[in-house]
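Asker: Residue numbers (the working numbering): 56 to 162.
Virtual Cβ for every residue (Gly too), placed ideally from N, Cα, C.
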Amino acid sequence: MLNKSALTLALACALTATVGVTSGCAVARDQQTAGSYVDDAALTTRVKAKFAADPVVSAMSISVETLKGTVQLAGFAKSSEERSVAEKLARETSGVVAVRNDIAVRP
């Protein structure tokens, strides 16, 4: 049974998809359950929080997307160290199944 926030999220995503707005909600695209979607959103938030707290990683330059526990990192890093640290932080986040590092280094 879905909890209230998961149900609300699923309904909001379905409604948005119904009216033709592209929302990016995985639930509306039948890629995962509402509970899984909420778990992925929590993972994304935890990874972003680690980036924000880290002095090496620019949280503003690296985007984080999560699908079924796999975290995808994208954007630009100022050095290979920043790219590596971002991947390490993501991998060390509880609940992350895999990390796909698509960060480009651009000094």
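Alpha carbons only, please: which of THR121, ALA153, GLY150 is nearest the one belonging to TYR92?
Answerer: In the sequence shown, residue 92 corresponds to position 37, counting from 1. Comparing Cα positions, the closest option is THR121.
Asker: If you count every other CB in all the chains shown that lies within 10 Å of the CB of ALA132, and 16 or more means buried, which is it?
Answerer: Against the sequence shown, residue 132 aligns to sequence position 77. By the neighbour-count rule (16 or more Cβ atoms within 10 Å), ALA132 is buried.
Asker: For ALA159, which residues of its own chain have a beta-carbon under 6 Å away from its beta-carbon, when the five flanking residues on both sides are left out?
Answerer: Along the sequence shown, one-based indexing puts residue 159 at 104. The residues are PHE131.
Asker: Alpha carbon to alpha carbon, how far is ALA96 from ALA89? Give it in angstroms, no decimals.
Answerer: Here residue 89 corresponds to residue number 34 of the sequence shown, with the count starting at 1. Here residue 96 corresponds to residue number 41 of the sequence shown, with the count starting at 1. When rounded, the distance between both Cα atoms is 11 Å.
Asker: Taking the straight line between their C-alpha atoms, what separation do you get for ALA145 and LYS103?
Answerer: The sequence position of residue 145 within the sequence shown is 90, counting from 1. The sequence position of residue 103 within the sequence shown is 48, counting from 1. Distance between the alpha carbons of ALA145 and LYS103: 9 Å.
Asker: Under the rule that 16 or more other beta-carbon atoms within 10 Å means buried, what is GLU147, buried or exposed?
Answerer: Against the sequence shown, residue 147 aligns to sequence position 92. So GLU147 ends up on the exposed side.
Asker: Taking the beta strand (DSSP E) that SER118 falls in, what are its first and last residues?
Answerer: The residue labelled residue 118 in the question sits at position 63 within the sequence shown. Per DSSP, SER118 belongs to the beta strand (DSSP E) from 117 to 122.
Asker: Spell out the partners DSSP gives VAL131 in its beta bridges.
Answerer: Position 76 of the sequence shown holds residue 131. Correcting the residue type first, residue 131 is Phe in the shown sequence and not Val. In the DSSP output, where bridge partners are listed per residue, PHE131 has ALA159.
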